[in-house]
Each structure stands twice: as structure tokens, then as C-alpha cells.
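Worksheet for the structure shown next.
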Amino acid sequence: MRYTKYFTTTLRDAPKDADTRGHALMTRAGFLKQSTSGIYSYLPLGLRSIRKIEGIIRKYMDEAGSVEVLLPMVQSSDVWIRSGRWEVYGKEMLRFQDRSGRDYCLAPTHEDLLADMLRTLVNSYSQLPFNLYQIQTKFRDEVRPRFGLIRGREFIMKDAYSFDMDEEASLASYEVMRQAYIKLFHHMGLDVREIEADSGEIGGSLSQEFVVLSDIGEDIAVSCVDCGYTSNAEVASEAFNLDAETLDVEALSEALKGTNCTRCKTGINDVWRVLELGHIFNIGTKYSVAANLTYKGQDGKDRPVHMGSYGIGVGRILAVAAQIYSDDAGLQLPINIAPFEVCIVSATTRDDEVVSTADKLYQQCLDAGIDAIYDDRDVRAGVKFADGELVGYPFVVVVGKRGLASGTVEVKARNGTKNGTDTATDTIAVPISDFPAEMKKILDRARPSVN
RNA sequence: CGGGGAGUAGCGCAGCUUGGUAGCGCACCUGUUUUGGGAACAGGUGGUCGCAGGUUCAAAUCCUGUCUCCCCGACCA
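Numbering of the first sequence is given in the working numbering, commencing with residue 122 and proceeding in unit increments.
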């Protein structure tokens, strides 16, 4: 992509209603534009990152045997009345009527419609097991949206559901999903922790959260520095007989200072603020019984399907990555979820050799399948460097007279850059003759290894 | 829903106390010079001061109402 043919913008000042650093930087870098409270437009760069996150999720869900579907966002009240939740679901469900006065809602979740739909499609044990997922926009009229994409009212979510004949098979499906989650988060470059969670209202026998440690986390967790066993504040407070009323980070840190891990018995506990990115549940038959979702077994008897449910907040992944992986100069998104992996910068546009070389390298990137943007604007080099740091391209390739004199270009890694100076510690000179092959090697080395 | 803050140019802000023809920085446009770390100079565009009503000779400024956004609490990916 040539910058001059693209559409993106950068801002020096963040809008005043962007509070967290990640949100302010994404706004400044041209990823996002708030539309109204809790509702955002994804601009070209932001959408590229979202698509990459979705692509990684699809890869690992597909590998785990889950099959993609797309359910409607606008749902008739019929479904919800049948599931009994039309009355129960509170104001978070946004309801409205069509021209004939029929009731509808914007789906806050999809279990009800899915179970309802499958009742007529699933009949026999021979159809089981299976697993369905979708990546969809959900709408919850939250009491208080906040922190940009962290808690929006409209948000993109991956939700998956497993359907098995019995509890044992369902637990096996759960484990497959759990492994897929670990891999996909690592592929994105995120340091996720698994937390033993309370199943809460969804119910069921087993539930885990996938969280990252972050100052904008909405929950508190206790983690063992040795074995890594992590539990949420409620579980930890039960284990240590603490008063759940006093559970802020400081109080919990104080209370648990020096205590040992409840699992490995030797490690020391540490307290963190954490943000939930994914949550998996082994539900059992609660929903299938309610929805009359049954299958006929080999013995001819009807039995309820055993379900599991598996969610990931897609937009939230981008939001928290922007928060965690950034500095004062801008974003530093992990390579697999950055909007572009490489930015080619022509240090001047007034030198024919520089321009023609930059053009050539860009074309080589296209031919080699390197995910590159070419900043071919007729602006000072400093503007391109500053914008490059703000957007956080993992690598910036500088084509300039200096390098050309020795037949090289500079490849600068974003995380090695020193703000405001030209003393990047992680800059290497790459011979122009070897460019695309060398660049590919550099990119591959930079990717997190999964497994 | 309870508590707190804010709406003035695309973005960030001043002006409001003490009414008197709306201002600054950045961005944007034109020209000249500049060109490997957010250039300089000169000129220029752009605002029904959130909206409605009221007080007044006169309202961004005072009064009343209203809408919106943000922050802190209970819920959630």
C-alpha cells in the first residue's frame, strides 16, 4: 500500500475524552474514531488490526475443529420469549419494533437463538459432537461504557459453542478449546494467564478466564510467581478467609503478602489487576434442557445435549494490546496484530536514486508477500519517522542517501527506537541486493513461537 | 441509577467572576526558501460559542430548562 493512495490520519493531540494511553494513541494514530458513547468506527489501520486478530482466531478455531457460522444480530422477541429471557434480561438488551409493531432486540448474546435454531436441526447422536463459532458484533446497552474499546456497547466478539453427547465428551471438547485459546493468544503476542473462574450466572461445572495483566484491568487476581497458578479475587479471598468487601489491589496485596500458593504450596503469591480477554465454560445441560435441545441416542431415547461456551473479546484484544504495548511515542503492537508489518520510508523525495530504490523495494515486498506500507509522501523525514512510531510499525525500512552510498537500507525495529533521536539501538543495515529475503528472515525471527 | 466534571474552528484550549462586534496553538489552503527526526517566513480559509427559552439597548458571559460526552461506584468479553 502506498501511503499517498491510502487514507489515514494522525493527530498530535488526543481528543480529551480518550483517557487510557492505549485509547489515546489509537485515536491519534488513526485506528479509531468514537461515534457516540461506547460505539466506535474502525478506521483503515484499526480495521487491519482487527482483521488480523480475527484471522488468528479463525485459524486456531478451524484447527480445533470448530465450524464458522454467522447468526443474526437483529433477533425477534419470539426466540427470547421461548427461552424465557425476554422478561428476565434487563435494560442491557436494546429493544425496538419494526413497522408492524413486532418486538425485536439487538442481540446481546447468541445462546438463545442458537439453541432455538439447533433444536430443529439436531436429531440424532450421529450428528454429535460438533462445535460452532462466529465472529459477530454484539450490542449491550451497558450502564457505563468506558476505556474506549475495553468496554463498549457495540463490540466484536468471537463466541463458540460445543455440543456433545455426555459430560465426559463435553469436558474433552472444553480441553480442545482451552488449548486452542492458549495458542491463539500466544500467536497474537499476548502474555495471557488462565484463571480459575466462578461460572457465575451461566452455570456449569468448569470455567476459566484468559486474562492479561494490565493497569486498566477490571478485575483483581492472585498469581503464584513460581507455578503460575492464578485465581480471581473471590476465589483467593475464600482460600485465605478474607473479607470480600475489602478487595482492592492494595488491600489484597497487603493481606496476601508473603503467603504461599494454594496449589504448589511453595511459591509466593502476587496480586495483579487483570483484564479478561476470553472466557470458557463447560455448561452442562442447562440451556439445552431449557431449549429442549435433545438428541436421540442409539437406544432410541431422547437426551439433552451437553454444551460448552467459549468467548473472546476481539476489539478488547486490540485495546489492551495498545495499552500494554506502547510508549510515549506511540503504539508497539505485536507483529502479528500490527496493521502493517513493515513501513518503507523514503528519507527524501527529491533524490531520484532514493525514490527509485524505495519504489523498487516496495515492489519487491509486494512480490514477496511482505505486508508493507510505503510512506511515499513528500514530507520531511522526521514526519514519517514520528508517524511511524505513533502507528508502531514493527519495522521501518529507511531508504536514504546514507545507506545507498554503501548499497544498504536501514531496518529499524520499533521497540528498539529511542524517542526523538536517531540512536536506535536495534537498527541493522541490510544490503539492497538481499532485501526481500533478508526482510523475510527478520520478520520471521520477530514472530512469537507458538507451542 | 447515585456522585463529580465538561460542551467555544478539524484537534487541544483561553475568554465567562465584573455582559459591549470571538481569540491562541496545532492542523488546513497559497507563495518563497527548506528536505535523514514533527521546517522557516509571509499571506489566507474556517466558529448559528451543544440546543431551547428568558433577562437586557446589548448574552459565549447572567437565569431557567434540555441534550450530549467523560470520570468514580454496582454488572460484563
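Glycine residues also receive a C-beta, built at the ideal position from the N, C-alpha and C atoms.
With fewer than 16 other Cβ atoms from the protein chains shown falling within 10 Å of its own Cβ, Ile202 counts as exposed. One thing to note: Arg535 has its Cβ within 8 angstroms of the Cβ of Gln453. For secondary structure counted as the beta strand (DSSP E) over 3 or more consecutive residues, the region 278-346 holds these complete runs in sequence order: 314-317, 327-334 and 340-345. Under the rule that a run must span 4 or more residues, the alpha helix (DSSP H) segments found entirely inside the region 156-202 read 165-184.
If the five residues before and after Lys212 are omitted, its C-beta is found closer than 7 angstroms to the C-beta atoms of Asp262, all from its own chain and listed in chain order.
Cys486 sits in a helix when the DSSP states are folded into three classes. Contact fails between the region 284-291 and the region 160-173, because fewer than three Cβ pairs, one in each stretch, are under 8 angstroms apart. When DSSP states are grouped into helix, strand and coil, Pro425 belongs to the strand group. Shortest Cα-Cα distance from Trp393 to any of Gly349, Ser344 and Thr478 involves Ser344. Contact holds between the region 479-489 and the region 459-466, because three or more Cβ pairs, one in each stretch, are under 8 angstroms apart. Residue range Asn390 to Gly405 is occupied by the beta strand (DSSP E) that includes Glu397. The region 503-517 makes no contact with the region 422-440, as fewer than three CB pairs between them are under 8 angstroms. About 5 angstroms separates the CB atoms of Val571 and Lys304; that is less than 8 angstroms, so the two are in contact.
The three-state reading of DSSP puts Phe556 in helix, counting H, G and I together. The three-state secondary structure of Phe251, taken from DSSP, is strand.
The beta carbon of Ile341 is closer than 8 angstroms to those of Asn353, Ala354, Leu368, Asp369, Val370, Leu373, Val392, Trp393, Arg394 and Val395 in its chain, skipping five residues each way along the sequence. Residue pairing by DSSP places Glu531 opposite Val519 and Ala550 in a beta bridge. When DSSP states are grouped into helix, strand and coil, Asp237 belongs to the helix group. DSSP, read as helix, strand or coil, puts Lys481 in helix. Comparing alpha-carbon positions, the option among Met238, Ser326, Asn390 and Gly338 lying closest to Ala360 turns out to be Asn390.
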